[in-house]
Every structure is written in structure tokens, then in C-alpha cells.
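Number of protein chains: 2
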Amino acid sequence: MSTPDEVDEVVAAWQRERPDVDVSAMHVLSRISRLARHLDRARKQAFATHGLETWEFDVLSALRRAGKPYQLSPGRLVAETMVTSGTMTNRVDRLVERGFVERRADPDDRRGVRVCLTASGRRTVDAALVELLEHEREILSALDPTRAAQVADALRTLTRSVRS
Amino acid sequence: MSTPDEVDEVVAAWQRERPDVDVSAMHVLSRISRLARHLDRARKQAFATHGLETWEFDVLSALRRAGKPYQLSPGRLVAETMVTSGTMTNRVDRLVERGFVERRADPDDRRGVRVCLTASGRRTVDAALVELLEHEREILSALDPTRAAQVADALRTLTRSVRS
DNA sequence: CCAAACAATCTCGACATCAAGATTCTTGAC
DNA sequence: GTCAAGAATCTTGATGTCGAGATTGTTTGG
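The listed protein sequences correspond, in order, to chains Z and R. First residue of the first sequence? That's 16 in the working numbering, and the numbers climb one at a time after it. First residue of the second sequence? That's 16 in the working numbering, and the numbers climb one at a time after it.
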């Protein structure tokens, strides 16, 4: 292994204090959690250039990648972004204020709503995506492509494991 | 690759909508973020058995693994847990209320404070650790040990990459 | 066709977090 | 010794999220 990091120190400390417990799982799982927090910060930085918050990008990008006509129900957005329905109501409200989305009635279900990306929202999210990926490729360049693919595959397996 | 997951769908959608952008970095980085959120939920579940919140465990475990006499400064706890100083003040307040820690004056620096784990706090965090690791080993069992070690190593590399 | 179960969205209050700044104390240069 | 710079902690106000429940509309079994 290369230079020790924070997680190596945490694991070493636990082994000293609790030699009766096998903490080796932390080498993978704690590292994922900590790395995710670092990635959040990096993303926040990347979006700041475009005056976007991370949560705004999360919603706008879900609409963008849905393809034309760039509209999804709040429920669908909840599923895509892993937040609660109350949170999504709040997010959509603020995105409407900023002029990035519009709320329209669902013609087929009077309970339903469609959240639609505006032209302004689309331009913004398109630019932010490019910026984000430049940063992400930079970060990921620390891994050669073969290894990156192996890691992606392992993470896919883990995701299935934790969800069941 | 095994069965496609949410990230595979997201990447495929982006490739359809933005064929001009290379989104392959998401296979690793988005998966890390999403997996971290799933892990948070799993941890929350594990701690609920012991009446602990995740943030409580984060603080108590930092104190516990520091070893005897189980005390650290707020500043040190901030560094260990990746939160701001204001957050830590609040957390320590509430842990004092629950009787899991005590605040004592630092004898060498009158600005300083030492946050000390109580016997009750120690019992609780020790039990929660065992529970947490049982769950984590279960999740990680989806990967054979060799692969897990490779992933840990790659994540260590990525952490260094994102921090610089 | 009615009632009950179900579904989609929104409302509301509690709560945890952050960022910036205030407070109190320490240290080092002169 | 004193003063300015720095350090450790706490305070405050704004913000975003969650969870539970309310509202409105749809579906289905009898």
C-alpha cells in the first residue's frame, strides 16, 4: 500500500484499542464515506463557477438527462436524487424562483405535476456538466483506466450488497 | 460487468443526451457518492439498536479509539469528524446532556477544553462498534478479500488525488 | 357505483449543519 | 513587559433536510 491516509490511522487506532474486533471492513467502507465527503466539496467548487448549488445540479441534471421534453414528475425526481418528497417540493419551489424549471399540471392525472426544465435551466446545467466532468476526470486520472474499471465493477457489486 | 445499476442507467442516459461529453468518470465517482448515501442509511439502522445517532457515534468513536484517558480537544474532534467548529460545539453539548461525555478545562491552556468519554459513553460506543462491524462485514462479503484490498488501495489513491 | 385502499404531492415543525464573526487566551517580536 | 498576531472555542443566523401527516385524486373489489 502507498502512503497511509486518515483511514489507515483510524483502523490502526481501533486495532490497538479493540484487538478483539475485526475492523478491516473500514478500509473499504469508511474510505467510501470519507471520499464521498471530499467529492462533495470538490463538486461544490466546480458548480460555484456557474452559480449553482450541488442540490440544484442534482435536480436539473436529472431533468436534462431524461431527454426531450425535459420533464419529470416530482416523484420521479425523488427517486433519482435520493431525497424525501418534502425536500423535493422545496427544491422545485426554489428552482422555479430562479427560473430554471416550471411546474405544469399533468394532463393525465390531476394529482400529478410535471417539472419542466426551462431554456435557461438547460443552458446552465449543460455548462455545469462540462465543468464537473473536467474536474472529475482530473481526479480520476490518478487511476489507470483498467483499475478504474475494476473499481467501478466492485462498487457496483457493493451497491447491490448494501441495498439488499 | 454484472447486472446494471442506477449509475449505469445514468451514464447511459448522459451518453444518449450528451454524446460530446465523456461521462465515464461517473462510473467510479458517482458510484462512490451514491454508495456512501446507502451506507449512511445502513449505519443509521445499525446504531438505532443502541439508541445512537450516526453523528453521536462519530464523536464517541473518535474519543474511544484515542485510547485512555479517552479525551480529546474539540479542535481535534473537528479534524477527526470533518465538521465545522460550530457543529462540534453543538454536538458536544448534546452528548453532555445524554451523559456520554463531559467537558473539562484544559489544565495547560485556559482557552482549551477537553471532551472526556464517560463510562456510559464508552459502554455504548463499544457495543455500537461491534454491531456496526457485523453489518459492514456482511456488506463487504460480496467482495472476496483480494478484491477488497485492491479497492481499498485504489480508494486511498483517489482520496489523495481529490484532496490535492 | 361506492367505499376503501392506494398514490402523488405538499405542508409543517424539528433539527443538524455551516459560515462568519465574537470572545478569550497564548505567544513571539521588539 | 507590551502589543499584535494567532489559536481555541463558542455564538448566531440562515439554510437545507427529514419525517409525519394532510390533502387531493385514482383505482379496485364487491
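Where a beta carbon is used, it is the ideal one built from N, C-alpha and C, also for glycine. In this text, all values refer to a predicted model and were calculated from it rather than measured experimentally.
- Cβ neighbours of F62/Z within its own chain (closer than 8 Å, five residues either side excluded): E68, T69, E71, F72, A143, E146 and L147.
- Chain Z places no beta carbon closer than 8 Å to that of E146/R, leaving this residue out of the contacts.
- DSSP, read as helix, strand or coil, puts A120/R in strand.
- Per DSSP, reduced to three states, the secondary structure at R129/Z is strand.
- In terms of beta-carbon proximity, Q165/R lines the interface with chain Z, with at least one pair separated by less than 8 Å.
- With its beta carbon less than 8 Å from one in chain Z, E32/R belongs to the interface.
- Nearest CB-CB separation between E151/R and chain Z: below the 8 Å threshold.
- Listed by position along chain R, the residues whose Cβ is nearer than 7 Å to that of V116/Z form an empty set, because the closest Cβ is around 17 Å away.
- Distance between P160/Z and L92/R, taken at the CA atoms: about 37 Å.
- With fewer than 16 other Cβ atoms from the protein chains shown falling within 10 Å of its own Cβ, E149/Z counts as exposed.
- Put simply, the CB of W70/Z is far from chain R, with every gap to its CB atoms at 8 Å or more.
- Taking the beta carbon of H42/R as reference, the chain Z residues within 7 Å of it are A167, listed in sequence order.
- When C-alpha distances from T104/Z are compared across F115/Z, V130/Z, A81/Z and D121/Z, the shortest belongs to V130/Z.
- With contacts defined as CB atoms closer than 8 Å, V166/R and L50/Z fail to qualify as a contacting pair.
- Secondary structure at L87/Z: strand, using DSSP grouped into helix, strand and coil.
- In this structure, the CA atom of G66/Z is about 47 Å from the CA atom of S135/R.
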